[in-house]
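Visitor: Before I ask anything, here is the structure I am working with.
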Amino acid sequence: MFNQHIWGDYNQHSQDRPQGLRPRFNSCAEELCISDVVLYELLYGAERSSDPVHTRREVEHFAARLAVLPFDSEAAAHTADIRAALERNGRIIDPYDLMIAGHARSRGLIVVTGNLREFQRVEGLRTEDWLTDTV
């Protein structure tokens with residue numbers, strides 16, 4: 001499950017993009033997904049961009065290649081459990097990252113992110129950083 005941090009790197013001009021990101025994405029796109037929480041974040045970012053129409057089109061093209069999974073009651077339960085555990089330890093994370101973590105963990109998915117620092121705080125969540133190949 002991609003999180004929104006990958007989008008910026010995926011969508012960069014080719015000379016700035018981390019080498020290997022698009023080929024890796026293209027080789028397994030049919031196996032990849034995003035949460036509808038991520039879709040919301042990407043669309044919101046598009047609306048705030050300097051060219052909302054163009055950026056929204058890019059987001060929609062990106063999302064069309066992936067399964068967009070609905071945030072359901074199982075995801076909500078995992079998110080609540082994760083939040084309570086993180087609060088007990090004083091290690092809270094961004095609310096949307098929290099929802100993405102709960103969603104991915106509820107389905108046994110790996111979160112693909114450029115933000116391991118937050119996601120690695122979540123017990124039982126598997127993560128990968130395709131920008132550095134850190135797993």
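Counting in UniProt numbering, the sequence shown runs from 1 upward without gaps. C-beta atoms are modelled at their ideal positions from N, C-alpha and C, and glycine is treated no differently.
Which ranges does the alpha helix (DSSP H) cover as unbroken runs of at least 4 residues, wholly within the UniProt domain "PIN" (24–124), from first to last along the chain?
Guide: 36–48, 52–64, 73–88, 95–107, 116–119
Visitor: Who are the near neighbours of Leu116 in its chain, counting only those whose CB is closer than 6 Å to its CB and skipping five residues on each side?
Guide: Here the question's residue 116 lines up with position 116 in the sequence shown. For Leu116, same chain residues with a beta-carbon under 6 Å away, outside a window of 5 residues either side, are Thr127, Asp129 in chain order.
Visitor: By the three-class DSSP mapping on this structure, what secondary structure does Thr134 have?
Guide: Here residue 134 refers to the residue found at position 134 of the sequence shown. In this prediction, Thr134 has a pLDDT of 43, which is less than 50 and means its spatial position is unreliable; what the coordinates show is noted afterwards. Three-state DSSP puts Thr134 in a strand.
Visitor: Quick one: residues in its chain with C-beta nearer than 8 Å to the C-beta of Gly124, no 5 flanking neighbours on either side, listed in chain order?
Guide: Your numbering for residue 124 matches position 124 in the sequence shown. Answer for Gly124: Arg105, listed in chain order.
Visitor: Compare the beta carbon distance of Val38 and Asn3 with 7 Å and say whether it is the shorter of the two.
Guide: The residue you call residue 38 lines up with position 38 of the sequence shown. The residue you call residue 3 lines up with position 3 of the sequence shown. Result yes, Cβ atoms of Val38 and Asn3 sit closer than 7 Å.
Visitor: How long is the line joining the alpha carbons of Phe71 and Arg56, rounded to whole angstroms?
Guide: Counting from 1 along the sequence shown, the entry for residue 71 is found at position 71. Counting from 1 along the sequence shown, the entry for residue 56 is found at position 56. C-alpha separation (whole angstroms): 21 Å.
Visitor: Count the other CB atoms, across all protein chains shown, that sit within 10 Å of the CB of Thr132; report buried if there are 16 or more and exposed otherwise.
Guide: Here the question's residue 132 lines up with position 132 in the sequence shown. When all chains shown are included, Thr132 counts as exposed.
Visitor: Please report the straight-line C-alpha distance between Ala76 and Glu30, rounded to a whole angstrom.
Guide: Your numbering for residue 76 matches position 76 in the sequence shown. Your numbering for residue 30 matches position 30 in the sequence shown. Rounded to the nearest angstrom, the two C-alpha atoms are 25 Å apart.
Visitor: My assumption, with CB atoms under 8 Å, is that Ile92 sits in contact with Val122. Please give the rounded CB distance.
Guide: Working through the sequence shown from its first residue, we reach residue 92 at position 92. Working through the sequence shown from its first residue, we reach residue 122 at position 122. The Cβ separation is near 11 Å, so there is no contact.
Visitor: Using a Cβ-Cβ cutoff of less than 7 Å, which residues in the same chain neighbour Val67 once the five nearest sequence positions on both sides are dropped?
Guide: Translated into the one-based positions of the sequence shown, residue 67 becomes position 67. Reading off the sequence, residue 67 comes out as Ala, not Val. Within the same chain, Cys33 come within 7 Å of Ala67 by CB-CB distance, once the 5 residues on both sides are set aside.
Visitor: Report yes if the C-beta distance between Ser35 and His103 is below 7 Å; otherwise report no.
Guide: Counting from one through the sequence shown, the residue named residue 35 turns up at place 35. Counting from one through the sequence shown, the residue named residue 103 turns up at place 103. Yes, these two residues count as a Cβ contact at 7 Å.
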